[in-house]
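Comments concern the structure below.
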Amino acid sequence: MSPIGDRRQLDVVVRSKTFLGASGQTRQVLGEVAFALEKGQVGALVGPSGCGKTTLLRIVAGLERDYEGAVSSPDGRLALVFQETRLLPWRRVEDNVRLAAPTIGDKELSDLFAALGLRDHRRHFPRELSLGLARRVALARALAVHPDLLLLDEPFASLDSATTAALRDKIAEIVETRAVTTLMVTHDVESAVRLADQIFVLSAAPGRLLDRIAISGPRRLCEATIAEMVARIRLVGET
Amino acid sequence: MLRLISLAIFFAAWQIGAGFAGPHYLPGPLDVLARLGVEARSGALFFHLSVTLLRVAVSFVLALSIGAALGFAMGRNRLMDRLGDPWLVVLLNLPALVIIVLAYVWIGLNEVAAIGAVALNKLPNTLVTIREGTRALDPQLDEMAEIFRFPFGLRLRHVVAPQLAPYFAAAMRTGLSLIWKIVLIVELLGRSNGVGFQINVAFQLFDMTLLLAYALPFVGVVLLIETFLVRPFEQHVSHWRSSST
């Protein structure tokens, strides 16, 4: 990855990504996908299971290096909120955040925990938290490093609707306040519509870009418009 | 409490066994205790015990540190694993006695040979244990550490070490039990001091009381090490599994 200049946007061009199977056969998981995000924009990758969304996110994160294409990302910190949270189970919540962001001050950490509803959980071990709370800790860890690019892998997977709505609102608020460029992978089309400025719809495997839908003012859409957008995106995904 | 009851049962069984076997073959605990007092007052017991414990400690540290470092390297690096594996198989299957005799023949009847032979006997077990632990390291946590740019030292201390700790504790436990047995053989074969040497003297004189007077405190010390060092270490590294706020 390389810096792309003053606009600090994310520019992704992937032509192909294949995996080598156990039997020695190659399997293509991604086809042509190209998109860009401007600074502070939120992008959402949606598509059916197995279409390569997470692989694409891992390419952007630099965790997958063997692919055809190029990714240009902001010249700064990157943070990824993994689907499985990947907290250190032997460290308390507070330590998990501090290890990723050793220079974070006490006040900033307290404010971050307060903003994410974690104030009462900072001394807990990860195993003592619900999945929703663990996801918030993973988000706190990611935000604590002041990322220039925030990547979210299925942040709402396995969460009930109330927890999803609460976490989505928190993410929207923080991302908007900090103007951090964000790319999210999700199955939850409604959350994508409510959160993202641009939605990228991928086809079934090998995933290629089917449609790019720009949403103006996603945080201020009325319910009827949201329902209409969700229906439209689902239709694109089915074609 | 249960450990004390278990010990009491052991001593009771010993006393009963001594009654049947006779003092020549199996002296009772009180006779052994009296002899132990004599050896302690003369200073011989503490001298031989400390010499042996020093050998145990040095070989233990050597085997654990070198074995852990090599095991980690082999678990992480496939080339090193392939290169080192035949050596490992040979060392694992070479009888302890062969290593001890070869060490004495090649290096001489000295401390370097004695401690080296003991460490070399334990090293492959530690290596295998830590190698398996390294292979089982969670790649997801590795990726997390990479994304959040954990420096090498931080990654080793907070990501790798806690995952290897149970394997290290297992290596410590088996290491202690194996090393003190081998140290006695090494002393019996080629040293002029230590508990192993004294046991050999007792064997030559067929003095069972002397033999048990040296064996018993040594076992006691090993039990203390197990209770106050190994077990607390195990509890410390796994406290996060059970502790609550």
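Taken in sequence, the protein lines are chains A and B. Here my numbering runs 819 ahead of the position in the first sequence, where the first position is 1. Here my numbering runs 7 ahead of the position in the second sequence, where the first position is 1. Ideal Cβ placement from N, Cα and C applies to all residues, glycine included. Remember, predicted model here, so these are calculated numbers, not experimental data.
Min CB distance W247 (chain B) to chain A below 8 Å: As a first step, residue 247 (chain B) is located in the second sequence; it is residue number 240 there, counting from the start. Closer than 8 Å: yes.
Buried or exposed by the 16-neighbour rule on C-beta atoms within 10 Å, applied to K872 (chain A): Position 53 of the first sequence, counting from 1, holds the residue named residue 872 (chain A). With 16 or more Cβ atoms within 10 Å of its Cβ, K872 (chain A) is classed as buried.
Separation of V226 (chain B) from L9 (chain B), as counted between CA atoms: Working through the second sequence from its first residue, we reach residue 9 (chain B) at position 2. Working through the second sequence from its first residue, we reach residue 226 (chain B) at position 219. Going from the Cα of L9 (chain B) to the Cα of V226 (chain B) covers about 18 Å.
Cα-Cα separation between I16 (chain B) and L171 (chain B), rounded to whole angstroms: Numbered from 1 along the second sequence, position 9 holds the residue referred to as residue 16 (chain B). Numbered from 1 along the second sequence, position 164 holds the residue referred to as residue 171 (chain B). For I16 (chain B) and L171 (chain B), the distance between alpha carbons rounds to 37 Å.
Option in A:V832, A:S1035, A:G850, A:A981 with minimal Cα separation from G869 (chain A): Numbered from 1 along the first sequence, position 50 holds the residue referred to as residue 869 (chain A). The shortest C-alpha separation from G869 (chain A) is found at A:G850.
Per-residue burial, F210 (chain B) [other beta carbons within 10 Å of its own, 16 or more giving buried]: Position 203 of the second sequence, counted from the first residue, corresponds to residue 210 (chain B). Its Cβ having fewer than 16 others within 10 Å, F210 (chain B) is exposed.
Alpha-carbon spacing of R1053 (chain A) relative to L875 (chain A), whole angstroms: The residue given as residue 1053 (chain A) occupies position 234 in the first sequence. The residue given as residue 875 (chain A) occupies position 56 in the first sequence. In a straight line, the C-alpha of R1053 (chain A) is about 20 Å away from that of L875 (chain A).
Backbone secondary structure at V999 (chain A) - three-state DSSP: Here residue 999 (chain A) refers to the residue found at position 180 when the first sequence is read from its first residue. Residue state, collapsed to three classes: coil.
Meets three-Cβ-pair contact criterion under 8 Å: the region 958-969 of chain A and the region 1011-1023 of chain A: no
Residue closest to R1013 (chain A), alpha-carbon to alpha-carbon, out of A:D972, A:K926, A:K989: Here residue 1013 (chain A) refers to the residue found at position 194 when the first sequence is read from its first residue. For the residues A:D972, A:K926, A:K989, the minimum Cα distance to R1013 (chain A) belongs to A:K989.
Neighbour flag for L899 (chain A) against chain B, beta carbons, 8 Å: Here residue 899 (chain A) is taken as the residue at index 80 of the first sequence, counted from 1. Yes, L899 (chain A) lies at the interface with chain B (some Cβ there is under 8 Å from its Cβ).
Minimum C-alpha distance to A176 (chain B) - residue among B:G140, B:G160, B:R164, B:V208: On the second sequence, position 169 is the one that residue 176 (chain B) refers to. Comparing Cα positions, the closest option is B:G140.
Residues near V912 (chain A) in its chain [Cβ-Cβ closer than 6 Å; skip 5 each side]: In the first sequence, the residue the question calls residue 912 (chain A) occupies position 93. The answer, listed in chain order, is H940, R941, H943, V956.
L148 (chain B) versus A:P867, A:N915, A:V1008, residue with shortest Cα-Cα distance: Along the second sequence, read from residue 1 onward, the residue named residue 148 (chain B) stands at position 141. Measuring from the Cα of L148 (chain B), the nearest candidate turns out to be A:N915.
Closer than 8 Å to chain A by CB, Q242 (chain B): By 1-based counting over the second sequence, the position of residue 242 (chain B) is 235. Judged by the 8 Å Cβ criterion, Q242 (chain B) is not in contact with chain A.
Cross-strand partners of G888 (chain A) (DSSP beta bridge): As a first step, residue 888 (chain A) is located in the first sequence; it is residue number 69 there, counting from the start. In DSSP, G888 (chain A) forms a bridge with A:V833.
Where P169 (chain B) meets chain A, residues with beta-carbon distance less than 9 Å: Here residue 169 (chain B) is taken as the residue at index 162 of the second sequence, counted from 1. The contacting residues are L907, P908, W909, R910.
For L968 (chain A): DSSP bridge partner residues: In the first sequence, the residue the question calls residue 968 (chain A) occupies position 149. According to DSSP, L968 (chain A) bridges with A:L897, A:T1000.
N-terminal and C-terminal residue of the beta strand (DSSP E) that I114 (chain B) is part of: To locate residue 114 (chain B), count along the second sequence from 1; it is residue 107. Premise fails: I114 (chain B) lies in the alpha helix (DSSP H), 103-114, not in any beta strand (DSSP E).
Closest Cα partner of V229 (chain B) within the set B:P131, B:N117, B:T181: Here residue 229 (chain B) refers to the residue found at position 222 when the second sequence is read from its first residue. It is B:T181.
Neighbour list for L148 (chain B) in chain A, Cβ cutoff strictly below 8 Å: On the second sequence, residue 148 (chain B) is found 141 positions in, with the first residue counted as 1. Near L148 (chain B) (Cβ distances below 8 Å), the residues of chain A are R905, L907.
Below-8 Å beta-carbon distance, A889 (chain A) vs any chain B residue: To locate residue 889 (chain A), count along the first sequence from 1; it is residue 70. No - not a single Cβ of chain B is within 8 Å of the one on A889 (chain A).
Whole-number beta carbon distance between V848 (chain A) and F838 (chain A), since they are thought to touch under 8 Å: Residue mapping note: residue 838 (chain A) aligns to position 19 of the first sequence, counting from 1. Residue mapping note: residue 848 (chain A) aligns to position 29 of the first sequence, counting from 1. That belief holds up - the Cβ atoms of F838 (chain A) and V848 (chain A) are roughly 6 Å apart, short of 8 Å.
Contact residues within the region 93-120 of chain B, judged by C-beta distance below 7 Å to chain A: none
Span of the beta strand (DSSP E), counted from its first residue to its last, around G862 (chain A): Looking up residue 862 (chain A) in the first sequence gives position 43. Where G862 (chain A) is concerned, the enclosing beta strand (DSSP E) stretches over 861-865.
Below-8 Å beta-carbon distance, G161 (chain B) vs any chain A residue: Residue mapping note: residue 161 (chain B) aligns to position 154 of the second sequence, counting from 1. For the record, residue 161 (chain B) in the displayed sequence is Leu; it is not Gly. Closer than 8 Å: yes.
Host alpha helix (DSSP H) of R142 (chain B) (start-end): Here residue 142 (chain B) refers to the residue found at position 135 when the second sequence is read from its first residue. Here the alpha helix (DSSP H) through R142 (chain B) covers 118-142.
Residues bridged to D1018 (chain A) [DSSP beta-bridge criterion]: Numbered from 1 along the first sequence, position 199 holds the residue referred to as residue 1018 (chain A). According to the sequence provided, residue 1018 (chain A) is Ile. The question's Asp does not apply to it. Paired residue(s): A:A863, A:I1032.
Enclosing alpha helix (DSSP H) for F210 (chain B) [first to last residue]: Translated into the one-based positions of the second sequence, residue 210 (chain B) becomes position 203. 202-212 is the extent of the alpha helix (DSSP H) around F210 (chain B).
Near-chain B residues of the region 952-977 of chain A - C-beta to any C-beta below 8 Å: R960, V964
Secondary structure, alpha helix (DSSP H): runs of 4+ residues fully inside the region 135-201 of chain B: 146-154, 159-162, 168-197
Beta-carbon contacts of A998 (chain A) that lie in its chain and below 6 Å, excluding the five residues immediately before and after: Residue mapping note: residue 998 (chain A) aligns to position 179 of the first sequence, counting from 1. These residues qualify, in order along the chain: G859.
Proximity of E1009 (chain A) and V1049 (chain A) at Cβ, strictly below 8 Å: Locating residue 1009 (chain A) in the first sequence gives position 190, counting from the first residue. Locating residue 1049 (chain A) in the first sequence gives position 230, counting from the first residue. Yes, the Cβ-Cβ distance between E1009 (chain A) and V1049 (chain A) is below 8 Å.
Proximity test, Cβ basis, 8 Å: F944 (chain A) and chain B: Walking along the first sequence from the start, residue 944 (chain A) turns up at place 125. Closer than 8 Å to some Cβ of chain B, the Cβ of F944 (chain A) qualifies, so yes.
Span separating the alpha-carbon of L1028 (chain A) from that of S891 (chain A): In the first sequence, residue 1028 (chain A) corresponds to position 209, counting from 1. In the first sequence, residue 891 (chain A) corresponds to position 72, counting from 1. Between L1028 (chain A) and S891 (chain A), the C-alpha separation is close to 18 Å.
Local Cβ density within 10 Å of G862 (chain A), reported as buried at 16 or more and exposed below that: The sequence position of residue 862 (chain A) within the first sequence is 43, counting from 1. Buried, by the Cβ-count rule.
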